[in-house]
Amino acid sequence: MDTTEDTGTAAGPEHPAGTAHADEAAGPGRSRDGADAEAGRSKDGAGAEAGRSKDGAGAEAGRSGDDAGAGRPGSGAGAEAGRPEAPAMRLTLPGWLARLRGPVALGAAALIAVSLVLRVLVLRDSYFVEDDLLFVGNAYGEDFTLDYLTRVHKGHFMPGAIALTWVLSRAAPYDWALVSAVTLAAQALLGVLALRLLRTLFGGRPAILLPLALFLFCPLTFPAFAWWAAAINAIPLQLALVLALTAQVRFARGEGARYGRRALVWCVAGMAFSTKGVFAAFLLFALTTAYLRDRETGWLRSMWRELRANRWLWAAHAAVLAAYTLVYLDRMDTAPGEGAAAPKPGVAADLISLLLGRTFPSGAVGGPVSWTPTPAGGLAAPSGFVVALSWAVLAVTVVATLVYRRRAHRAWLTLAGYLVLADAIPTVIARGSYLGLVGAETRYVADAALVLAVCLGCALLPVAGETGAYRRPLPERSSLALVAGLTAGAYLVLSVFSVEAYRATLNGQRVRAYLDTAAAELAAAPDTAVIYPAPVPPDIVLPVNGERRLTDRLLAPLARPALRARMAHPEPTEDARVFNREGRLVRMNVAPGFFAARGPDERCMRTLLGAMSFPDAVSFGGRATVGGLSYSADRPASVTVEVGGERTVLSLRKTAMGLVQFPVHGIGRGMRIEMNDPEAPVCVIAVALGAPAPEGEGPS
Numbered sequence: 000m001d002t003t004e005d006t007g008t009a010a011g012p013e014h015p016a017g018t019a020h021a022d023e024a025a026g027p028g029r030s031r032d033g034a035d036a037e038a039g040r041s042k043d044g045a046g047a048e049a050g051r052s053k054d055g056a057g058a059e060a061g062r063s064g065d066d067a068g069a070g071r072p073g074s075g076a077g078a079e080a081g082r083p084e085a086p087a088m089r090l091t092l093p094g095w096l097a098r099l100r101g102p103v104a105l106g107a108a109a110l111i112a113v114s115l116v117l118r119v120l121v122l123r124d125s126y127f128v129e130d131d132l133l134f135v136g137n138a139y140g141e142d143f144t145l146d147y148l149t150r151v152h153k154g155h156f157m158p159g160a161i162a163l164t165w166v167l168s169r170a171a172p173y174d175w176a177l178v179s180a181v182t183l184a185a186q187a188l189l190g191v192l193a194l195r196l197l198r199t200l201f202g203g204r205p206a207i208l209l210p211l212a213l214f215l216f217c218p219l220t221f222p223a224f225a226w227w228a229a230a231i232n233a234i235p236l237q238l239a240l241v242l243a244l245t246a247q248v249r250f251a252r253g254e255g256a257r258y259g260r261r262a263l264v265w266c267v268a269g270m271a272f273s274t275k276g277v278f279a280a281f282l283l284f285a286l287t288t289a290y291l292r293d294r295e296t297g298w299l300r301s302m303w304r305e306l307r308a309n310r311w312l313w314a315a316h317a318a319v320l321a322a323y324t325l326v327y328l329d330r331m332d333t334a335p336g337e338g339a340a341a342p343k344p345g346v347a348a349d350l351i352s353l354l355l356g357r358t359f360p361s362g363a364v365g366g367p368v369s370w371t372p373t374p375a376g377g378l379a380a381p382s383g384f385v386v387a388l389s390w391a392v393l394a395v396t397v398v399a400t401l402v403y404r405r406r407a408h409r410a411w412l413t414l415a416g417y418l419v420l421a422d423a424i425p426t427v428i429a430r431g432s433y434l435g436l437v438g439a440e441t442r443y444v445a446d447a448a449l450v451l452a453v454c455l456g457c458a459l460l461p462v463a464g465e466t467g468a469y470r471r472p473l474p475e476r477s478s479l480a481l482v483a484g485l486t487a488g489a490y491l492v493l494s495v496f497s498v499e500a501y502r503a504t505l506n507g508q509r510v511r512a513y514l515d516t517a518a519a520e521l522a523a524a525p526d527t528a529v530i531y532p533a534p535v536p537p538d539i540v541l542p543v544n545g546e547r548r549l550t551d552r553l554l555a556p557l558a559r560p561a562l563r564a565r566m567a568h569p570e571p572t573e574d575a576r577v578f579n580r581e582g583r584l585v586r587m588n589v590a591p592g593f594f595a596a597r598g599p600d601e602r603c604m605r606t607l608l609g610a611m612s613f614p615d616a617v618s619f620g621g622r623a624t625v626g627g628l629s630y631s632a633d634r635p636a637s638v639t640v641e642v643g644g645e646r647t648v649l650s651l652r653k654t655a656m657g658l659v660q661f662p663v664h665g666i667g668r669g670m671r672i673e674m675n676d677p678e679a680p681v682c683v684i685a686v687a688l689g690a691p692a693p694e695g696e697g698p699s
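Counting from 0, one number per residue, gives the positions in the sequence shown under numbering that gives the first Met the number 0.
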């Protein structure tokens with residue numbers, strides 16, 4: 000960021016009855032003439048210049064007057080007599096680093112640090128869950144191709160997020176420390192960039208700490224942060240929004256067309272990680288016309304003038320949106336039965352009522368306080384009292400800003416529009432045919448926390464260069480300071496309480512123990528082991544995910560390459576293994592069990608012309624269908640099993656009691672077994688066709 004720009008905007012050229020009171024309310028004790036300058040920073044931001052007074056006023060902490068004069072002829076204090084002085088070294092800090100010496104920057108740094116500590120605690124109790132495992136399995140089951148990157152996942156078109164999961168999974172599968180480090184680093188960067196955005200918009204006044212704290216500690220953002228599959232959408236989207244807004248502000252101030260192009264690029268980056276990125280351009284346009292250009296005119300007139308003045312930029316945004324939509328529609332068939340669908344009216348109404356009537360308002364003021372535990376964390380479950388209190392707080396805030404702040408209604412309309420267009424409608428389209436309880440998932444409004452912070456800032460503070468921002472003189476600064484302090488303190492306490500309550504719903508130990516056990520079993524298994532695919536337990540990945548939850552996809556990344564290849568293509572064997580509920584490799588059974596076509600006193604099944612048929616056997620095919628054949632043979636022989644037009648040759652050894660199990664890919668009704676040598680002394684005792692199941696357990 001430009002040092003000149005920040006120094007010029009920090010004061011906020013507003014009437015003393017406006018900004019002076021607002022600034023002092025957020026930072027009591029701050030001198031009037033130093034409201035926008037960091038400690039010791041001169042107007043040009045160069046740092047410690049020659050001629051600085053000996054008492055070190057405004058100098059960097061810990062630097063003495065002698066140090067400030069080191070290297071000048073005759074200064075010599077503290078140097079040995081007759082010894083030539085070493086040449087002085089002066090370090091000119093970049094503008095952004097020099098600003099860290101100011102009280103506002105230090106306060107912001109403290110807020111960011113504390114919020115990160117809180118998030119570290121959340122990550123410590125969280126772990127991979129549900130879609131996280133699907134992403135890791137996909138990364139090992141697919142090459143890094145354009146077709147793979149542009150597949151739709153449960154309604155989400157997110158090539159950037161898929162690319163990120165592929166890289167991290169290939170680097171270290173199921174490494175929670177690596178995933179947590181990347182997530183935390185992205186969140187830290189987001190906090191810093193959010194601070195820069197607020198400084199760019201409103202200057203360096205202490206009041207920017209209020210919207211910053213709201214964003215950093217908003218409980219709405221924590222569930223999406225703790226769930227990796229949600230974090231790869233939510234955090235990059237918010238990063239893109241912050242960067243796009245910052246660039247757009249600089250473009251609107253006339254700092255160069257390149258900033259308009261950068262804003263467009265960041266919007267595209269947001270689309271690469273989340274379908275909600277398509278709404279970034281609308282947010283930029285709304286804030287630009289509401290507060291950055293032609294503020295004094297009507298909002299609609301400002302919109303018209305903006306479209307005329309920068310028609311090519313907004314046309315480029317429209318072209319990008321059109322291209323994204325076409326690609327999304329073209330790739331929807333890569334996720335059949337998932338994502339966009341016609342919502343059910345009753346479900347849609349319940350969903351919107353929960354999402355916008357309870358989940359968002361309670362989270363916006365530091366709630367929801369209470370959560371309903373789920374395998375992926377907690378669902379917001381605010382009490383009726385919390386919901387009523389939340390709406391009351393929001394109503395008071397909106398009314399107060401409308402009374403004092405000119406154009407405050409534009410901020411609240413922008414927030415409401417974003418909630419409806421970017422959060423409610425897409426969620427209804429994607430999930431409105433399932434269950435209204437989806438509205439209790441805070442991840443669907445996590446991105447709105449950033450928009451809320453920006454809009455709150457616009458409703459409270461004048462943007463840099465804005466004059467006449469307030470309708471009437473503000474109350475005394477002592478009163479504002481008290482209200483701001485109590486409000487911020489209450490919000491932070493309630494938010495921390497809500498986050499801790501959410502953390503109590505997290506239990507990553509079940510999945511962690513399962514994956515650790517499976518990894519140890521695979522490490523001990525020989526390369527010749529035959530491991531059949533079976534569904535992981537339903538409390539690890541829900542059955543609705545179909546064959547994507549089979550172990551040959553989700554647990555194969557933990558295996559050596561040779562064993563991983565055998566897991567993908569198991570062969571007929573008499574020692575088939577599958578993973579049980581605890582992640583251990585045990586013998587495989589075929590569920591629902593064996594059936595036989597013989598009389599009560601017969602041991603062997605009857606053959607007709609060297610074959611036997613089982614017309615009632617049904618095969619659903621796929622990777623999770625297996626067969627079994629129990630037999631005895633006086634010498635080695637072979638049989639051919641036909642199911643759904645697929646023929647499999649089984650080699651039988653000489654044994655008094657043998658069991659060979661084999662994969663079945665054919666789909667259909669009926670099963671036929673042919674004796675390749677009708678004269679071979681083979682006795683087929685029992686036959687099975689069904690799903691793989693661990694010994695001692697039923698199918699998952």
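Ideal Cβ placement from N, Cα and C applies to all residues, glycine included.
In the three-state reduction of the DSSP assignment, Asp615 falls in the strand class, which pools E and B.
In the structure shown, the three-state DSSP call for Trp313 is helix.
For Val128, the closest C-alpha among the options Glu570, Leu688, Ala452 and Ala375 is that of Ala375. In this structure Gly507 is in contact with Tyr126, their Cβ atoms being roughly 3 angstroms apart against a cut-off of 8 angstroms. Note on the region 456-531: whole alpha helix (DSSP H) runs with a minimum of 4 residues are 476-502 and 508-523, in chain order.
Judged by beta-carbon spacing, Arg409 lies beyond the 9 angstroms limit of Trp313, meaning their Cβ atoms are not closer than that value. Between the C-alpha atoms of Gly644 and Gly669 there is a straight-line separation of about 10 angstroms. For Glu305, no beta strand (DSSP E) segment is defined; the enclosing uninterrupted segment is the alpha helix (DSSP H) at Trp298 to Ala308. As DSSP reads the structure, Asn544 sits in no beta bridge.
Distance check between Val686 and each of Ala616, Asp676, Pro677 and Gly627 places Gly627 closest, using alpha-carbon atoms only. Contact between Gly269 and Leu320 does not hold, since their C-beta atoms are separated by about 12 angstroms, which reaches or exceeds 8 angstroms.
Cβ atoms of Leu242 and Trp265 come within 8 angstroms of each other, at about 4 angstroms. DSSP places Thr373 inside the beta strand (DSSP E), whose first and last residues are Trp370 to Thr373.
In the three-state scheme derived from DSSP, where H, G and I count as helix and E and B as strand, Pro534 is classed as strand. Residue burial annotation: Gly253 is exposed, with fewer than 16 other C-beta atoms found within 10 angstroms of its C-beta. In the three-state reduction of the DSSP assignment, Leu554 falls in the coil class. With contacts defined by Cβ atoms closer than 9 angstroms, Val453 and Gly362 do not form a contacting pair.
Residue burial annotation: Asp446 is buried, with at least 16 other C-beta atoms found within 10 angstroms of its C-beta. For Ser114, the enclosing alpha helix (DSSP H) covers residues Pro102 to Asp124. When Leu133, Leu215, Leu192 and Ala138 are compared, the shortest CA-CA separation from Tyr490 is found for Leu215.
Using a Cβ distance threshold of 9 angstroms, Cys457 and Ala522 do not count as a contacting pair. Annotation: Ala239 to Ala246 spans about 11 angstroms, alpha carbon to alpha carbon. Taking the Cα positions, Ala503 is about 25 angstroms away from Leu434. The three-state reading of DSSP puts Tyr433 in coil, since its state is none of H, G, I, E or B.
For Phe278, there is no enclosing beta strand (DSSP E), since its DSSP letter is neither H nor E.
Nearest neighbour of Leu393 by Cα position, chosen from Gly431, Ala429, Gly383 and Leu451, turns out to be Leu451. Relative to the Cα of Ala251, the nearest Cα in the group Leu283, Arg652, Asp600 and Ile111 belongs to Leu283. DSSP, reduced to helix, strand and coil, places Thr654 within a strand of the structure shown. In this structure the region 534-547 does not lie against the region 409-419, because fewer than three pairs of beta carbons, one per stretch, are closer than 8 angstroms.
Contact between the region 336-349 and the region 467-485 is not established, with fewer than three Cβ pairs separated by less than 8 angstroms.
In the three-state scheme derived from DSSP, where H, G and I count as helix and E and B as strand, Thr182 is classed as helix. Straight-line measurement puts the Cα of Phe578 at about 14 angstroms from the Cα of Pro569.
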